[in-house]
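**Student:** If you read the sequence shown in this note's numbering, its first letter stands for residue 2, the second for the next number, and so on. The structure is given below, and queries will be raised subsequently.
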Amino acid sequence: MARPCGPVPRPTARFIGQERKRFRRRFRRRHPEFSVMGTIIGRRPSAAHLATLHAVDSGARLVSRLHDSPVSTIPGRIRPRRFGALVIAGWIRLLLVCCACLFACARPSVARFPSGPLELQGSDGAVHDVAELTRRHRFTVFVFYSAACPCVSAHEPRLAAIHHEYRDRGIAVLMVNSEVGANPHDDAREAARRRYPFLLLTDPEARLATALGAEFATHAVVVDAAGAIRYSGAIDSDKIRLHPDATPYLRNALDALLASHPPPAPAHEPLGCSLRLR
C-alpha cells in the first residue's frame with residue numbers, strides 16, 4: 002500500500018511531553034545514582050552533587066528536545082545529516098558536563114590549619130595558643146571529641162596508648178571539643194572522670210573543627226611543627242566494637258612520618274558520630 006503524500010503532521014505538545022518523560026525514565030533506569038535528589042550514597046547532597054543533578058537534567062532536556070523534533074516537521078531547514086550531528090553534539094555536551102561535575106564532586110575539600118591566633122582553654126585550666134602547641138612537637142594529633150559518642154569512649158584506651166608510646170618521640174595527642182555548648186568546666190570535669198592523660202581543648206565556636214574540616218567525632222588530624230596537615234581521617238578501621246586485627250590508620254601514618262616518609266594513605270573516612278557544630 003502506497004504511503005499518502007504530504008508532510009507529516011507536527012507532534013502535539015502532549016506527545017512531546019510524553020516522549021520527554023520516557024527519555025528521563027530511561028536515563029534514570031540506566032543511571033540510578035542520579036535518580037534520587039534527596040539521597041546520594043546515603044548522605045545529604047552537597048552543592049556539587051546538586052550541580053551535577055541539574056547539569057544532567059539540563060543535558061537530558063537538550064537531547065530530548067533534539068530527539069523529539071522529527072526531521073519532517075521543519076521542511077527544508079534541517080536535513081537528516083544535520084539533525085544527526087545535532088543529536089550527537091547534544092550527547093557529547095551531556096557527557097562532558099557530567100564528567101566535569103562528577104570530577105568536582107570527587108575532589109576532596111582542602112583543609113588548612115588556622116594561620117591566625119587561636120587560643121583555647123584546656124582541661125588543665127590554662128589557655129593555650131594552638132599554633133604554639135604545634136610548634137613544640139614534631140607532630141601534633143588533634144582528635145575531635147563528643148561526650149555522647151560511643152565511638153569516642155571505645156577509642157579512649159587506644160588513644161591513651163598512642164599518647165604514652167609516642168610522646169617521647171615528639172608526638173602530642175590533644176582532644177578537642179568543638180560541639181555547640183562546649184564548656185571548659187564541663188570538659189575539665191569529664192576529662193578527669195575519664196582519666197585522660199592528654200589535654201581536652203574547648204572550641205565552642207568550632208573554629209578549629211571548621212579549619213581542619215572535621216565533621217565527625219574521633220576524626221584525627223596530624224599537623225607538623227610548621228602547621229602542615231599530614232594526615233586526616235579515622236583512628237583505625239573500628240567504629241564502636243574494637244577488634245584486634247583492625248587496621249591502625251593513625252599509627253601507620255605516625256610511623257611513616259617519624260621515618261621521614263609520607264603516610265601510606267593521607268586520608269581515611271572517619272567512622273564516628275556527627276559533631277553538632279555551630
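For every residue, glycine included, the Cβ atom is placed at its ideal position computed from N, Cα and C. Being a predicted model, the structure only gives us computed values, none of them experimental.
(1) To the nearest angstrom, report how far apart residue 162 and residue 247 are at their CA atoms.
(2) For a test of the three-state rule: what should DSSP assign to residue 181, helix, strand or coil?
(3) Contact between the region 202-218 and the region 121-137: three or more CB pairs below 8 Å?
(4) Taking only the alpha-carbon atoms, compute the straight-line gap between residue 270 and residue 96 and give it to the nearest angstrom.
(5) Of the choices 272, 215, 164, 170, whose alpha-carbon is the least far from that of residue 178?
(6) Which of the three DSSP states is assigned to residue 206 in this structure?
(7) Using the beta-carbon count (16 or more within 10 Å), is residue 180 buried or exposed?
(8) Kindly indicate which three-state DSSP category residue 339 falls into: helix, strand or coil?
(9) What alpha helix (DSSP H) runs, 4 residues minimum, are completely inside the region 112-165?
(10) Please list, in chain order, all residues of the same chain as residue 1 whose beta carbon is under 7 Å from its beta carbon, the five residues on each side excluded.
(11) Thinking residue 258 and residue 219 are a contact (beta carbons under 8 Å), I'd like their distance in whole angstroms, please.
(12) Would DSSP call residue 234 helix, strand or coil?
(13) Between which two residues does the alpha helix (DSSP H) holding residue 257 run?
(14) If you follow the beta strand (DSSP E) that residue 225 is in, where does it begin and where does it stop?
(15) Per DSSP, what kind of secondary structure is residue 193 in: helix, strand or coil?
(16) Measuring straight from C-alpha to C-alpha, what distance separates residue 132 and residue 176?
(17) Under three-state DSSP, which class holds residue 96?
(18) Taking residue 165 as the reference, give the member of 278, 149, 19, 252 with the closest Cα.
(19) CB of residue 216 to nearest heavy atom of the ligand SAH: below 8 Å?
(20) So what's residue 218 in DSSP terms, helix, strand or just coil?
(21) Short of 7 Å in beta carbon distance, which residues of its chain neighbour residue 137, apart from the five on each side in sequence? Order them along the chain.
(22) So what does DSSP say about residue 175, is it helix, strand or coil?
**Tutor:** On the basis of the supplied data:
(1) The residue you call residue 162 lines up with position 161 of the sequence shown. The residue you call residue 247 lines up with position 246 of the sequence shown. If you draw a straight line from the Cα of residue 162 to the Cα of residue 247, it comes to about 15 Å.
(2) As a position in the sequence shown, residue 181 is number 180, starting the count at 1. Residue 181 falls in the coil class under three-state DSSP.
(3) yes
(4) The count along the sequence shown starts at 1 and reaches residue 270 at position 269. The count along the sequence shown starts at 1 and reaches residue 96 at position 95. Roughly 29 Å between the two C-alpha positions.
(5) If you number the sequence shown from 1, residue 178 lands on position 177. Looking at the Cα atoms, 215 is the closest of the given residues.
(6) Position 205 of the sequence shown, counted from the first residue, corresponds to residue 206. Three-state result, residue 206: coil.
(7) Working through the sequence shown from its first residue, we reach residue 180 at position 179. Residue 180 comes out buried.
(8) The displayed coordinates of the chain run from 2 to 279. Any statement about residue 339 would go beyond what the structure contains.
(9) 131-136
(10) Summary: the structure shown does not reach residue 1, with the chain confined to residues 2 through 279, and so no result is reported for it.
(11) Stepping through the sequence shown from its first residue, residue 258 is reached at position 257. Stepping through the sequence shown from its first residue, residue 219 is reached at position 218. Not a contact, Cβ separation roughly 20 Å.
(12) For the purposes of this step, residue 234 is taken as residue 233 along the sequence shown, with counting starting at 1. Strand, per DSSP.
(13) For the purposes of this step, residue 257 is taken as the residue at position 256 of the sequence shown. It spans 250-259 - the alpha helix (DSSP H) in which residue 257 sits, taken as one unbroken run.
(14) Against the sequence shown, residue 225 aligns to sequence position 224. Segment 221-225, the beta strand (DSSP E) holding residue 225.
(15) Your numbering for residue 193 matches position 192 in the sequence shown. Residue 193 falls in the helix class under three-state DSSP.
(16) On the sequence shown, position 131 is the one that residue 132 refers to. On the sequence shown, position 175 is the one that residue 176 refers to. Cα to Cα, the separation comes out at about 15 Å.
(17) The count along the sequence shown starts at 1 and reaches residue 96 at position 95. In this structure, residue 96 counts as helix in the three-state DSSP scheme.
(18) Position 164 of the sequence shown, counting from 1, holds the residue named residue 165. Answer by Cα proximity: 252.
(19) Within the structure as shown, the ligand SAH is missing, as the structure has no ligands at all.
(20) Taking the first residue of the sequence shown as 1, we reach residue 218 at position 217. DSSP places residue 218 in coil when its eight states are reduced to three.
(21) The residue given as residue 137 occupies position 136 in the sequence shown. So no residue of the chain qualifies.
(22) Residue mapping note: residue 175 aligns to position 174 of the sequence shown, counting from 1. Three-state DSSP puts residue 175 in a strand.
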